[in-house]
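Read the structure below first, then the notes.
Here is the structure:
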């Protein structure tokens, strides 16, 4: 009876360690989930404003929202997949960066009201600022993807130290 209890406690402890490792690995990608959600809701807000203006340009934020869905799925799978590969994230952040750059160029053309009918000329500065911040955020995320895929991120060291402590 005592032997079974010890075996059960050992099994439970091993399960806790395994769960702990999976959670730490999952948390390595936490920032990606927040940034993907940020862009999703930003594009959703833009879409709603374009729908109210009955603009055909509403397809752009709609496509960006669809493009982020594989990223969400990729990170959902990370709970049980310890791979450091992020192909969907890499592609999505390049797409978002490219779109932001093109929209930045559009801000200085007569097409501005087609993409932002809800903004006056005075609001153009706000849009330009947001687009530049979006570009910088995408560049930062691409750098994070690169660091993680090449196992050079700081969180990996923390995970390794934690795994060593569990042994």
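In the numbering used here, the protein residues as written are 963 to 1129.
Backbone N, C-alpha and C fix where the C-beta goes; we use that ideal spot for every residue, glycine too.
(1) Evaluate residue 1010 with the Cβ neighbour count: other Cβ atoms within 10 Å of its Cβ, from every protein chain shown; 16 or more gives buried, anything less gives exposed.
(2) Roughly how many angstroms separate the alpha carbons of residue 1094 and residue 984, rounded to a whole number?
(3) Please say whether residue 1097 and residue 1073 have beta carbons closer to each other than 8 Å?
(4) Using only the heavy atoms of the ligand FMN, determine whether one of them is closer than 7 Å to the beta carbon of residue 1065.
(5) In angstroms with no decimal places, state the Cα-to-Cα distance between residue 1031 and residue 994.
(6) Alpha carbon to alpha carbon, what distance is there between residue 1115 and residue 971?
(7) Are the beta-carbon atoms of residue 1102 and residue 1037 separated by less than 8 Å?
(8) Can you tell me whether residue 1054 is buried or exposed, with buried defined as 16 or more other CB within 10 angstroms of its CB?
(9) Select from 1047, 964 and 1015 the residue whose C-alpha is nearest the C-alpha of residue 1112.
(10) Let's test the definition: count the other Cβ atoms within 10 Å of the Cβ of residue 1021 and tell me whether it reaches 16, buried, or not, exposed.
(11) What does a CB cutoff of less than 7 Å around residue 1024 pick up in its chain, not counting 5 residues either side in sequence?
(12) Given this structure, state the Cα-to-Cα distance separating residue 981 from residue 1089, to the nearest angstrom.
On the basis of the coordinates in this document:
(1) In the chain shown, counting from the first residue as 1, residue 1010 sits at position 48. For residue 1010, the number of other beta carbons within 10 angstroms of its own is below 16, and it is reported as exposed.
(2) Locating residue 1094 in the chain shown gives position 132, counting from the first residue. Locating residue 984 in the chain shown gives position 22, counting from the first residue. Rounded to whole angstroms, the separation of the alpha carbons of residue 984 and residue 1094 is 35 Å.
(3) Taking the chain shown and counting its residues from 1, one reaches residue 1073 at position 111. Taking the chain shown and counting its residues from 1, one reaches residue 1097 at position 135. No, the Cβ-Cβ distance between residue 1073 and residue 1097 is not below 8 Å.
(4) Of the ligands one can find in the structure shown there are none, so the ligand FMN has no counterpart to examine.
(5) Along the chain shown, one-based indexing puts residue 1031 at 69. Along the chain shown, one-based indexing puts residue 994 at 32. Their backbone Cα atoms lie some 13 Å apart in a straight line.
(6) For the purposes of this step, residue 971 is taken as the residue at position 9 of the chain shown. For the purposes of this step, residue 1115 is taken as the residue at position 153 of the chain shown. One C-alpha to the other measures close to 35 Å.
(7) Counted from its first residue, the chain shown places residue 1102 at position 140. Counted from its first residue, the chain shown places residue 1037 at position 75. The answer is no: Cβ separation not under 8 Å.
(8) Within the chain shown, numbered from 1, the residue matching residue 1054 stands at position 92. Under a 10 Å Cβ-count criterion, residue 1054 is classified as buried, with 16 or more other Cβ atoms of the shown protein chains found around its own Cβ.
(9) By one-based count along the chain shown, residue 1112 stands at place 150. Comparing Cα positions, the closest option is 1047.
(10) Taking the first residue of the chain shown as position 1, residue 1021 is located at position 59. Flag for residue 1021 reads exposed.
(11) Translated into the one-based positions of the chain shown, residue 1024 becomes position 62. Once the five neighbours on either side are set aside, the close Cβ partners of residue 1024 are 1009.
(12) As a working mapping, residue 981 is identified with position 19 in the chain shown. As a working mapping, residue 1089 is identified with position 127 in the chain shown. Cα to Cα, residue 981 sits roughly 43 Å from residue 1089.
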